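In my numbering, the protein residues as written are 6 to 356. For glycine and all other residues, C-beta sits at the position ideal for the given N, C-alpha and C. Values in this document were obtained by computation on a predicted structure and should not be read as measured data.
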Amino acid sequence: ASSTSKKVGCEDDFCSFISNSDTCQPDIGCTYHIVYADESTSDGNFIRDKLTLEQVTGDLKTGPLGQEVVFGCGSDQSGQLGKSDSAVDGVMGFGQSNTSVLSQLAATGDAKRVFSHCLDNVKGGGIFAVGAVDSPKVKTTPMVPNQMHYNVMLMEMDVDGAPLDLPPSIVRKGGTIVDSGTTLAYLPQALYDSLIETITARKPVKLHIVEETFQCFSFTKDIDQAFPPVNFHFEDSLKLTVYPHDYLFSLEEDMYCFGWQAGGMTTEDRSEVILLGDMVLSNKLVVYDLENEVIGWTDHNCSSSIKVKDGSGGVYSVGADNLSSAPPLLMMGKILTVLSTLIIVAFTSLA
Numbered sequence: 006a007s008s009t010s011k012k013v014g015c016e017d018d019f020c021s022f023i024s025n026s027d028t029c030q031p032d033i034g035c036t037y038h039i040v041y042a043d044e045s046t047s048d049g050n051f052i053r054d055k056l057t058l059e060q061v062t063g064d065l066k067t068g069p070l071g072q073e074v075v076f077g078c079g080s081d082q083s084g085q086l087g088k089s090d091s092a093v094d095g096v097m098g099f100g101q102s103n104t105s106v107l108s109q110l111a112a113t114g115d116a117k118r119v120f121s122h123c124l125d126n127v128k129g130g131g132i133f134a135v136g137a138v139d140s141p142k143v144k145t146t147p148m149v150p151n152q153m154h155y156n157v158m159l160m161e162m163d164v165d166g167a168p169l170d171l172p173p174s175i176v177r178k179g180g181t182i183v184d185s186g187t188t189l190a191y192l193p194q195a196l197y198d199s200l201i202e203t204i205t206a207r208k209p210v211k212l213h214i215v216e217e218t219f220q221c222f223s224f225t226k227d228i229d230q231a232f233p234p235v236n237f238h239f240e241d242s243l244k245l246t247v248y249p250h251d252y253l254f255s256l257e258e259d260m261y262c263f264g265w266q267a268g269g270m271t272t273e274d275r276s277e278v279i280l281l282g283d284m285v286l287s288n289k290l291v292v293y294d295l296e297n298e299v300i301g302w303t304d305h306n307c308s309s310s311i312k313v314k315d316g317s318g319g320v321y322s323v324g325a326d327n328l329s330s331a332p333p334l335l336m337m338g339k340i341l342t343v344l345s346t347l348i349i350v351a352f353t354s355l356a
C-alpha cells in the first residue's frame, strides 16, 4: 500500500465536483460507482496520491516527475472485472472529462491535453507519451463533439476493397468509438456476420466455436498471405487498416481465431456502435489531441521509438519498453489486456 495516499473527503472540492456531496458519508469518504460497456462494475473510494511520471530530459533519457492526482481505488468489482482469469490491474483515466488523470495533469500547467500510445503486440510493451509528438507524423480525423468517449465519424468499411453495409446508426453519425481500454473490436451483429462471411468467402475455412465466444479454425500457412485486410475509412480521408495478423490470434499451434466480436455496446437510445480496441490499434502510433479535438494514427514499429516535443521546442527520442517475459494473450481461453500494459511514460513538460 502507498504511504502517501489518502481518501478524498466529503468536504473536498473534487468530491463536490464529481458527485452529490450531500449524500457523501464522512466516515466512508468520497465514493464512486461505474458501469462499463460489458456491464462489469467497479465500486470504491476516490484516493489522492502522488503519481510519478518519467519526464523527457534528452534523447532516450527521462527523469522522475511527481504530480498529485485523484483516482478511483476499487474495492468491489463484478462481472469480468471480478474474474481472476480476465481481471486487469486497472485502467488509467485518460478520458475527456475534467476529472480524468490527463485533465488533472493539464490543469497544473505541466502538460497539454495531448497523449499518444503505440501498442506492440509482438513483444507486449510499447510507448505511452503525454505531450506533443513530433514524429512520425499522423493524419487525423475530427472527434465527434460533446461525447463521453472518443467518437469518430466512420464513412465506409471494406474487406480488401469489397464494401460492407454499415448500420444507419453508425455511418456518418459518429457511432464509432476508439478505446484503448478495450482489448478486441466489437461490431453490431449484422455487420459482424457480413464481415466474417466476406473474409471467409475469400479464404474458406471450417469454423468452430471456442469458449462460447471465438470463431476459430485450423490453419498451417501464412495468414497474411491467405486472408484479406479490413479497412475503416473515416472523415477527412483517414484510413485504418487492420491486417490478418492483427485480427487473427493463435489459440494454439495451427489454430487461429477471429478477434472480431459481435455486439458489446449501445448508446442510451439503444443505437448500436462500433468499438475499436487494442486489436485494431496495435502496431500503430495513435495520437489523441484534445487541444485540437482530433485523433490520428499511422502504422509504426512500436518496439522502436518516437520523437516528442517539449514546451521550449526541443525534440527528443523516446524508446519503447518491451515485456521480455510477457504473458500470452490467451490464458484459459480468455483474452487478457496485456497490450494495454504500457511501460514507458514520456511526460513532455511545457516549461
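Excluding the 5 residues flanking Lys446 on each side, which residues of the same chain have their C-beta closer than 8 Å to its C-beta?
Lying outside 6 to 356, the shown extent of the chain, residue 446 is not represented and no answer is given.
Would you list, in sequence order, the uninterrupted alpha helix (DSSP H) runs of no fewer than 4 residues that lie entirely inside the segment 228-301?
228-231, 249-252, 283-286
Helix, strand or coil, according to DSSP, for Tyr197 in the structure here?
helix
Can you give me the start and stop residues for the beta strand (DSSP E) that Ala325 sits inside?
Unbroken run through Ala325: none, as it is neither H nor E.
According to the neighbour-count rule (16 or more other Cβ atoms, all chains shown, within 10 Å of its Cβ), is Gln109 buried or exposed?
Per the 10 Å Cβ criterion, buried.
Taking 8 Å as the threshold, find out whether the segment 154-171 comes into contact with the segment 310-325 through three or more Cβ pairs.
no
Can you tell me where the beta strand (DSSP E) holding Ala190 begins and where it ends?
190-192
Quick check on DSSP: helix, strand or coil for Ser108?
helix
In this structure, does DSSP put Glu59 in helix, strand or coil?
strand
Helix, strand or coil: how does DSSP classify Cys35 here?
coil
Three-state class that DSSP yields for Asp27 in the structure shown:
helix
Do you know offhand how far Glu240's Cα is from Asp294's?
16 Å
Proximity of Leu281 and Cys123 at Cβ, strictly below 8 Å:
Not a contact, by the Cβ cut-off of 8 Å.
Measure the beta-carbon distance from Thr67 to Val61 and round it to whole angstroms, keeping in mind my assumption that it falls under 8 Å.
6 Å
For Pro172 and Leu212, the rounded distance between their alpha carbons
25 Å
Which word fits Ser8, buried or exposed, when buried means at least 16 other C-beta atoms lie within 10 angstroms of its C-beta?
exposed
I'd like to know whether the C-beta atoms of Asp251 and Ser287 end up nearer to each other than 8 Å.
Yes, the pair counts as a contact, with Cβ atoms nearer than the cut-off.
Would Tyr155 pass as a contact of Ile175 if the rule is Cβ separation under 8 Å?
no
Does the count of Cβ pairs from the segment 134-152 and the segment 298-313 closer than 8 Å reach three?
Inter-segment contact for the segment 134-152 and the segment 298-313 is present: three or more beta-carbon pairs are separated by less than 8 Å.
Could you check whether Thr188 and Gly125 sit closer than 8 Å to each other, using their CB atoms as the reference points?
Sequence inspection shows Asp at residue 125; the Gly mentioned does not correspond to that position. Not closer than 8 Å, so no.
Got a sec? Which residues, its chain only, sit under 8 Å from Met153 by beta carbon, not counting five neighbours each side?
Counting only residues of its own chain and dropping the five nearest sequence neighbours on each side, Met153 has a CB closer than 8 Å to the CB of Gly100, Gln101, Ser102.
Quick one: is the Cβ of Lys128 within less than 7 Å of any heavy atom of the ligand ZN?
Looking at this structure, you won't find the ligand ZN or any other ligand, since it has none at all.
Could you give the C-beta distance for Thr203 and Leu245, rounded to a whole number, given that I count them as a contact under 8 Å?
Rounded, the Cβ-Cβ distance is 17 Å, inconsistent with contact.
To which residues of the same chain is Asp48 closer than 6 Å at the C-beta, ignoring the five residues directly before and after it?
His38, Asp81
List the DSSP bridge partners of Pro173.
Under the DSSP definition of a beta bridge, Pro173 lacks any partner.
For Leu70, which residues does DSSP report across the bridge?
Leu58
On the criterion of 16 or more Cβ atoms from any shown chain inside 10 Å, does Arg118 qualify as buried, or is it exposed?
buried
Among Ala167, Asp198, Leu196, Glu258, which residue has its Cα nearest to the Cα of Lys226?
Glu258
Cys15 - DSSP class collapsed to helix/strand/coil
Assigned with DSSP and collapsed to three states, Cys15 falls in coil, not helix or strand.
Report back the beta-carbon spacing between Gly186 and Val278 to the nearest angstrom; my notes put them in contact at under 8 Å.
About 15 Å separates the two Cβ atoms, so there is no contact after all.
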